[in-house]
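Read top to bottom, the protein sequences are chains U and A. The opening position of the first sequence corresponds to residue 22 in my numbering, with each subsequent residue numbered one higher. The opening position of the second sequence corresponds to residue -12 in my numbering, with each subsequent residue numbered one higher. Single-structure report; data block below.
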Amino acid sequence: MQTAFSIAIDALAYGMALFIICIGLSLTMGLMRVVNLAHGAFAMIAGYIASYAVRDLGTNYGVAILLAMAGTIAVSIPLERFLYRRIYGAPQLTQVLMTIGITFCVIGITNYFFGPTLKTIPLPGFLSQPVDLGFRSVAAHRLFVMACGAVVALGLWFLIEKTAFGIRLRATVDNAPISEALGIRTQVVYAIAFAVAMGLAAFGGVVGAEFLPIEPYYALRYMVTFLVVVSVGGAGSIPGALIACLVLGAVDTTARYLMPEFGNFFFYAAVIAIVWVFPRGLLGRAH
Amino acid sequence: MQIEADTRSIPALPKHRGGAWRDVAGILLIAVAGAAGYFLFPDSLALLTRVTALAMLALSLDLVVGYCGVATLGQAALFGAGAYAAGIACVSGVTEPLSLLLIGAVAGAAAGLVMGGIMLRAHGLAQLVLSIAIVQLFHEAANKASSYTGGSDGLAGLTVGPLFGIFAFDLWGRTAYLLGVVILVAVFAALKFVVASPFGMMCRGIKEDPIRIRSMGAFVSPVLLKMFVISGAVAGTGGALAAISTQVVGLDSVSFELSANALVMLVLGGIGTLYGAIVGTIIFMAFEHVVSAINPFHWMTMVGALLIAVVIAAPRGLGGLVARLWTPSRHGERP
């Protein structure tokens, strides 16, 4: 029972951390139709910035998260302007190649500046101690990650479904030329959506660093995980991404607890099974 | 998000009868380049042998990506299947090198059948993700079945018998290299036949417009599956060659990284020409040999920058770039 409970907590927290990182990728892939394999690279940049801020500049954890998000978005804007804008609507292979190239560059450059060691982001006191729930005590950080995931999910749903920007974004996605004719500046919409996605990647990268440690090959190691989660959920669908993250997080965590010697075997077996049954992902839209 | 046929990467169909002679000249050129490598770099034949093995991986990828339009990031699964099959056969007593290559080809073809069977169910992004999931699954399986594959230590202790009972595999890798070049030339010639055959034409047609091919009365999936099997046989041969020449099979031969690198090589050289696969492999390996000796992270930065540059400046690969510069009269012709 004790094991089942701790597996459940870890699985939920891990799934939420995955969700925060992946939802940005789901947006870029589903709404902007860009297979952005460099998504993890932006989460990695954020992790390095946060680690530098907390450990070398001695800032507060919250400030570090904001710094990391701001820094990552600042890096992503010129990349969007000069590189990504060329591959909107390009064949998939072109997008894959371009974004793998960006990933390699980011890995090479970050390691040139920060060195090839594993970076930790020290948690503040109130997050590193356990919280008593009455019947069990749970690490506060796990609860924090879950809360962040819930806030991100609700916030994004609100942004896309209820705000004027959301309407413009959905219009641009459905038919860019007509939207442009109606006076929506599609380039700006794309740029903002991209920045939001990168900000979420940065947020997830910092918050999820306990589960996915920040190390030199972070961008490459988890690239596949992120891509897989998004396509299982169905690109562009927030509930789909949430379900996929929770299911795959649960499969992965449970397998690691009970059968650690099998590594990622069950994770990928589950992925093949799901994609086999739902070729468009769990809640993917038909294009 | 459907796979659009990238019309820019479709090579011009052979319009005149000179095509066959050009192929013969190309094959001779590869053979001459192979022989030149033997005499120019007698000290790095091991590296050159690896180039021939990886060239076969890139060729097999070209069949799937360049001629069928199926984007895959899991080609190393087929390469690794060949490598492990040859390695396991060698450890359990089959030491004749040509039989080992055959075993590798058969194993690769079987893996290609499985992989194609799974991947062709999906389209677009899901297909790409399935290819990644398959190569990761192969990787975990090879890691787990350590009693057969040696797990993360790799499968070592391959003692390959002499070729034809005469030419032993020596310390300098002369036999391995010459075997590699001969096999590569033979495979290349065979593939030129395959892609020029009605079957190869059908694959190109499917790449450009699968719906039209289907409405013409042809079956799309079986044709692609056949190409997957051929591609698997080629990749498996490459894997077996790598296993024979290095006498060890590591987990890296069935990794996502190798798949991605193969794609980089192919794109560097140019998709859909078969020549591009070989040219790209040579350029990639040469750069890797020089730069990664200095600093592996500089190497990553450089490959990344190169990829971005190729996508922006030379979508047909360096081969396409050279061809464009070579024949300025066709420059104005926009695809």
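Even glycine gets a Cβ: it sits at the ideal position worked out from N, Cα and C. Quantities reported herein were computed from a predicted structural model and do not represent experimental measurements.
For chain A, is any of its Cβ atoms less than 7 Å away from the one on residue 142/U? Start at 1 with the first residue of the first sequence, and residue 142/U comes out as number 121. Chain A, which has no Cβ nearer than 7 Å to the Cβ of residue 142/U, makes this no.
Identify, in the order they occur along the chain, each residue of the same chain with its Cβ nearer than 8 Å to the Cβ of residue 131/A, setting aside the five sequence neighbours on each side. Counting from 1 along the second sequence, the entry for residue 131/A is found at position 144. Cβ neighbours of residue 131/A beyond the five flanking positions: 138.
Under 8 Å, CB to CB, which of the residues in the segment 62 to 80 of chain A have a partner in chain U? Across the segment 62 to 80 of chain A, no CB contact with chain U closer than 8 Å is found for any residue.
Run through chain U and tell me which residues come within less than 7 Å of residue 90/A, C-beta to C-beta. Against the second sequence, residue 90/A aligns to sequence position 103. Residues of chain U passing the Cβ test: none, with the nearest at roughly 25 Å.
Buried versus exposed call for residue 188/A [16 or more other C-beta atoms within 10 Å across all chains shown]: The residue labelled residue 188/A in the question sits at position 201 within the second sequence. By the Cβ neighbour-count rule, residue 188/A is exposed, with fewer than 16 other Cβ atoms within 10 Å of its own.
Verify whether the separation of the beta carbon atoms of residue 69/A and residue 223/A is less than 7 Å. If you number the second sequence from 1, residue 69/A lands on position 82. If you number the second sequence from 1, residue 223/A lands on position 236. Yes, they are a contact pair.
Element boundaries [beta strand (DSSP E), containing residue 160/U]: As a working mapping, residue 160/U is identified with position 139 in the first sequence. Under the DSSP assignment, residue 160/U falls in the beta strand (DSSP E) whose first and last residues are 158 to 160.
Report yes if the C-beta distance between residue 13/U and residue 124/U is below 7 Å; otherwise report no. The structure shown has nothing for residue 13/U, since chain U only spans 22 to 308.
Could you tell me if residue 70/U is buried or exposed, where buried requires 16 or more neighbouring beta carbons within 10 angstroms of its beta carbon? Indexing the first sequence from 1 puts residue 70/U at position 49. By the neighbour-count rule (16 or more Cβ atoms within 10 Å), residue 70/U is buried.
Beta-carbon neighbours of residue 252/U, restricted to chain A and to distances below 7 Å: By 1-based counting over the first sequence, the position of residue 252/U is 231. Within chain A, the residues near residue 252/U are 112, 113 and 116.
At which residues does the alpha helix (DSSP H) containing residue 49/A begin and terminate? Position 62 of the second sequence, counting from 1, holds the residue named residue 49/A. Its alpha helix (DSSP H) spans residues 32 to 55.
Given this structure, state the Cα-to-Cα distance separating residue 224/U from residue 38/U, to the nearest angstrom. Looking up residue 224/U in the first sequence gives position 203. Looking up residue 38/U in the first sequence gives position 17. Rounded to the nearest angstrom, the two C-alpha atoms are 9 Å apart.
Say whether the segment 255 to 262 of chain U touches the segment 201 to 219 of chain U, bearing in mind that this needs 3 or more beta-carbon pairs closer than 8 Å, one atom from each stretch. no
Using the three-state DSSP reduction, which class does residue 311/U fall into: helix, strand or coil? Outside the shown range of chain U, which is 22 to 308, sits residue 311/U, and nothing can be said about it.
Is the beta carbon of residue 120/U less than 7 Å from the beta carbon of residue 219/U? Along the first sequence, one-based indexing puts residue 120/U at 99. Along the first sequence, one-based indexing puts residue 219/U at 198. In this structure, residue 219/U does not lie closer than 7 Å to residue 120/U by Cβ.
How about residue 258/A and residue 122/U: are their beta carbons less than 7 Å apart? For this step, residue 258/A is matched to residue 271 along the second sequence. For this step, residue 122/U is matched to residue 101 along the first sequence. No, they are not a contact pair.
Is the number of C-beta pairs between the segment 258 to 274 of chain U and the segment 38 to 55 of chain U that are closer than 8 Å three or more? yes
State the Cα-Cα distance for the pair residue 119/A and residue 246/A, rounded to the nearest angstrom. For this step, residue 119/A is matched to residue 132 along the second sequence. For this step, residue 246/A is matched to residue 259 along the second sequence. Our two residues, residue 119/A and residue 246/A, have alpha carbons roughly 9 Å apart in a direct line.
Would residue 56/U pass as a contact of residue 117/U if the rule is Cβ separation under 7 Å? Locating residue 56/U in the first sequence gives position 35, counting from the first residue. Locating residue 117/U in the first sequence gives position 96, counting from the first residue. Going by C-beta atoms, residue 56/U is nearer than 7 Å to residue 117/U.
In the DSSP assignment, find the beta strand (DSSP E) that holds residue 245/U and state where it starts and stops. Counting from one through the first sequence, the residue named residue 245/U turns up at place 224. Segment 244 to 254 is the alpha helix (DSSP H) holding residue 245/U; no beta strand (DSSP E) there.
Please report how far the alpha carbon of residue 239/A lies from the alpha carbon of residue 123/A, in whole angstroms. Counting from 1 along the second sequence, the entry for residue 239/A is found at position 252. Counting from 1 along the second sequence, the entry for residue 123/A is found at position 136. Approximately 11 Å between the Cα atoms of the pair.
Can the beta-carbon of residue 125/A be found less than 7 Å from the beta-carbon of residue 64/A? Your numbering for residue 125/A matches position 138 in the second sequence. Your numbering for residue 64/A matches position 77 in the second sequence. Cβ atoms of residue 125/A and residue 64/A: closer than 7 Å.
Residues of chain A with a CB under 8 Å from the CB of residue 196/U: which are they? If you number the first sequence from 1, residue 196/U lands on position 175. Chain A residues near residue 196/U: none, gap ~16 Å exceeds 8 Å.
Per DSSP, what kind of secondary structure is residue 236/A in: helix, strand or coil? In the second sequence, the residue the question calls residue 236/A occupies position 249. Strand.
Reduced DSSP category for residue 153/U - H, G, I as helix; E, B as strand; rest coil: Here residue 153/U corresponds to residue number 132 of the first sequence, with the count starting at 1. Residue 153/U: strand per DSSP, three-state reduction.
For residue 67/A, which residues in the same chain have their Cβ closer than 7 Å to its Cβ, ignoring the five residues on either side in sequence? Along the second sequence, one-based indexing puts residue 67/A at 80. Around residue 67/A: 125, 129, 226, 240 and 241.
Taking residue 129/U and residue 274/A to be in contact with their CB atoms under 8 Å, please state how far apart those CB atoms are, rounded to whole angstroms. Locating residue 129/U in the first sequence gives position 108, counting from the first residue. Locating residue 274/A in the second sequence gives position 287, counting from the first residue. Contact between residue 129/U and residue 274/A does not hold, since the beta-carbon distance rounds to 14 Å and is not under 8 Å.
Simplified DSSP assignment, three categories, for residue 100/A: Here residue 100/A refers to the residue found at position 113 when the second sequence is read from its first residue. Note: residue 100/A maps to helix in three-state DSSP.
Can you list the residues of chain C that residue 124/U reaches, using a CB-CB cut of under 8 Å? Considering every chain present, this structure includes no chain C. Its protein chains are U and A.
Just by C-beta distance, which residues in the segment 98 to 110 of chain A are closer than 9 Å to chain U? 105, 108, 109 and 110
Let's see if you can read the secondary structure: which residues bound the alpha helix (DSSP H) around residue 277/U? Looking up residue 277/U in the first sequence gives position 256. Segment 259 to 279, the alpha helix (DSSP H) holding residue 277/U.
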